[in-house]
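Accompanying notes for the structure given below.
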Amino acid sequence: MIEVHNLTYRIADAPILTDISLRVPLGGIVALIGPNGAGKSTLLSLMARLLPLQQGRITVDELTVGQSDDRELARRLAILPQTMHATSRLTVRDLVSFGRYPYHRGRPTKEDRSLVEEGLGLFELSAMADRSLDTLSGGQRQRAFVAMTYVQDTNYVLLDEPLNNLDLAASRSLMVRLRELADAKGRTIIIVLHDINVATAYADRVLVMKDGRLCGDGAPRDVVTPELIKDVFETDATLRVVDGRPVVLA
Amino acid sequence: MYPRRLVLLSVLLLLCALGYLFTDVKGSLEFALMFRGKKLAALLLISASQAVAAVMFQTISGNRILTPSIMGFDALYVLILTTAVVFLGAPTYQRLDSGLLMLANATLMCGAAILLFGLLLRRGRDDLMRMLLTGVVLAVMLRSVTGLMQRVIDPNEYAVVQAASFARFARAETDLLGVSAALCLVALAFAWRMRHRLDVLALGPVVSTSLGEPPLKGQRWALLLISVLVSVSTALVGPVAFFGLLVSALTYMVLPTYRHAVLLPGSALIAGVILVGGQWALERVFSFSTPLSVVVEFLGGLVFLLLLLKGLKR
Ligand SMILES: Nc1ncnc2c1ncn2[C@@H]1O[C@H](COP(=O)(O)OP(=O)(O)O)[C@@H](O)[C@H]1O
Ligand SMILES: [Mg+2]
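Keeping their order, the protein sequence lines are chains A and B.
In terms of the numbering used here, the first sequence opens at residue 33 and continues consecutively.
In terms of the numbering used here, the second sequence opens at residue 2 and continues consecutively.
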């Protein structure tokens, strides 16, 4: 369980996040949505310890962010980067192997290696395992990163708008894989999404943020309503129910 | 990875070292060997320090253009030294034990470097141009302050600091060799121990945090080692602006890997080949009067411009 207690964050006295509390139990996909500037990335970065905490507390299982050992946290919580300047020195296998670093600190065991091969296979990367990262398409590279967080074997995975540079096929394939991770492997995925339709299609739970506050939390069909579109996103796009699922018509 | 290339480089360095020691010995072989042996040791220390400092700095700052020297690390060293001479006065300064002085200088340097460059790295990592500009301006500023101080002090004091202000491979300060070697070897050993961490830090702040290697901690530690290495090398031969860059650029070409287990020793070997080989060629084979530093700085400067132009185009 990830627990956020009374989290407040300011930049130069401007409140970015105000008194946010939430609990994310193990398992499932939690989507974080809200208009630009709502504070989604800030919240995720604080959970990921990419930003220093100011006020409030975040715990990951029994570990406390900002106090517990970095190495232990790295075995519980992984962060999937949006992009990385791909270096030609790194092959797909090299990258995926880094997922085991929190366990072996540079001296991989046989078990680490076999887990890496399993990850490569699972994400259909075996055929391109020895290719360098910068020869891959955006979707393939993203898959390599997901494979890396898979072999990192953490309960929680955080992603900030991972679909930004992906086309429709790559986006769908990524979401389907995340779904598999949640269903088959019991992982917990917290993902910032800007497309509400992707959130309703793949998430178990949707958190809505606006102006640094949480203002909605629940199953997609309960949260995504005409009022949400109007009050939170401040636009009058139409909402239809298609196959029992709310769909925003842009 | 690339064991053959590393072996080849080692052999090359060995040949250069033998050539440097044994070519053209006039008079007593024993005396020549002792004299040249000390010089050789100094050159090797400088090579390893400059190379490892440059590669580590490029890894933690996430680019291939900046080196500690370009960012003004050695300018900081000379400034600290000049300040010490100005405040203590040349006679007091010269009476102090030179080894102790070097230790003190290296310690001050570590503190100042972490403050200054730690801040710079935190603010500017994603913006290469901004970091480059700040670094270059910082280096110029440090040098100007040093220059100003050197101008207002009296000639005796000036003579003391002047030796530290120019690169001189041929006349390395061999009387500091003992302390330098000790400091340098300790720093190099720690750098070697850090090799896997450096591999992770090179992946950028998000991935390295995710893998349990917070960039700030790693950067601070690396800056500490870099400061020691640069202090030692600057104390021995004076500041060299572009040598580190020349070495790191060659290293990435010869050893295209991300593994610091290969990059660190590889870069030290390449630096050794350039310095020892270059010094041998210039002193003994061509009997040039051109100091090696001029040649190395010219080539390194050229590499800097090329990398800069390439970086700007991208
Ligand atoms: N470095 C910064 N300096 C000043 N304001 C910032 C900084 N980073 C983010 N903000 C502000 O914080 C708010 C939340 O940003 P962010 O978390 O990125 O929102 P989101 O990801 O929901 O679009 C925005 O209003 C943004 O302008
Ligand atoms: Mg954002």
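Just so it is clear, CB atoms sit at the ideal spot from N, CA and C, and this is done for glycine as well.
* Based on the DSSP secondary-structure assignment, which residues constitute the bridge partners of residue 56 of chain A? -> A:34
* **Same chain only: Cβ atoms within 7 Å of residue 278 of chain B, ignoring 5 sequence neighbours per side** => 17
* Asked: How far does the alpha helix (DSSP H) with residue 330 of chain A in it reach, from first residue to last?
  -> Outside the displayed range of chain A (33 to 282) lies residue 330 of chain A, so it cannot be described from this structure.
* CB of residue 72 of chain A to nearest heavy atom of ligand 2: below 6 Å? -> Result yes, Cβ under 6 Å from ligand 2.
* **C-beta neighbour in chain B for residue 102 of chain A, strict 7 Å** => yes
* Asked: Quick one: does the C-beta of residue 248 of chain A sit closer than 6 Å to a heavy atom of ligand 1?
  -> no
* Asked: Under the DSSP definition of a beta bridge, which residues are partnered with residue 241 of chain A?
  -> Note: residue 241 of chain A sits in a beta bridge opposite A:246.
* **Contacts that residue 111 of chain A makes with chain B (C-beta to C-beta distance below 8 Å)** => 207, 208, 210, 211
* To do: Answer yes if the stretch 96-110 of chain A comes into contact with the stretch 256-264 of chain A, meaning at least three C-beta pairs across the two stretches below 8 Å, and no otherwise.
  => no
* Where the stretch 191-203 of chain B meets chain A: residues whose CB sits under 8 Å from a CB there -> 196, 197, 198, 200, 201, 203
* is_contact[residue 4 of chain B, chain A] using C-beta, thresh 7 Å -> no
* Under a Cβ-count criterion, where at least 16 other Cβ atoms within 10 Å of its own Cβ denotes burial, should residue 86 of chain A be classed as buried or exposed? -> exposed
* Asked: Which residue's Cα is closest to the Cα of residue 56 of chain A: A:132, A:83, A:222, A:135?
  -> Closest by alpha carbon: A:222.
* **Any non-hydrogen atom of ligand 1 closer than 6 Å to residue 68 of chain A Cβ** => Yes - ligand 1 has a heavy atom lying nearer than 6 Å to the Cβ of residue 68 of chain A.
* To do: Could you check the C-alpha separation between residue 232 of chain A and residue 209 of chain A for me, to the nearest Å?
  => Distance between the alpha carbons of residue 232 of chain A and residue 209 of chain A: 16 Å.
* To do: Label residue 284 of chain B either buried or exposed according to how many other C-beta atoms from any shown protein chain fall within 10 Å of its C-beta, with 16 as the threshold for buried.
  => Burial call: buried.
* Asked: Between the beta-carbon of residue 234 of chain B and the beta-carbon of residue 66 of chain B, is there less than 7 Å?
  -> no
* Asked: Considering only residues of the same chain and omitting the five flanking positions on each side of residue 218 of chain A, which have a CB-CB separation below 6 Å?
  -> 59
* **Heavy atom of ligand 1 within 6 Å of residue 48 of chain A beta-carbon** => yes
* For residue 258 of chain B, does the three-state DSSP call read helix, strand or coil? -> coil
* DSSP state of residue 292 of chain B mapped onto helix, strand, coil -> Coil at residue 292 of chain B, not helix or strand.
* Would residue 308 of chain B count as contacting chain A if we go by Cβ distances under 7 Å? -> no
* N- and C-terminal bounds of the alpha helix (DSSP H) containing residue 103 of chain A -> Boundaries of the alpha helix (DSSP H) around residue 103 of chain A: 102-106.
* Would you report the Cα separation of residue 247 of chain B and residue 273 of chain B, rounded to the nearest angstrom? -> 12 Å
* Along chain A, in chain order, which residues have C-beta atoms closer than 9 Å to that of residue 215 of chain B? -> Within 9 Å Cβ-Cβ: 81, 102.
* Asked: Between B:29, B:296, B:72, which lies nearest to residue 115 of chain B when the distance is taken from Cα to Cα?
  -> B:72
* Considering only the beta carbon of each residue, do residue 69 of chain A and residue 49 of chain A sit closer than 7 Å? -> no
* Asked: Comparing the CB of residue 43 of chain A with every heavy atom of ligand 1, is any distance shorter than 6 Å?
  -> yes
* Is it right to say residue 268 of chain A is buried, meaning 16 or more other beta carbons lie within 10 angstroms of its own, or is it exposed? -> exposed
* 7 Å CB neighbourhood of residue 118 of chain B in its chain, flanking five on each side removed -> The beta carbon of residue 118 of chain B lies closer than 7 Å to those of 72, 224 in the same chain, with the five residues before and after it left out.
* Determine the DSSP secondary structure at residue 213 of chain B, reduced to helix, strand or coil. => coil
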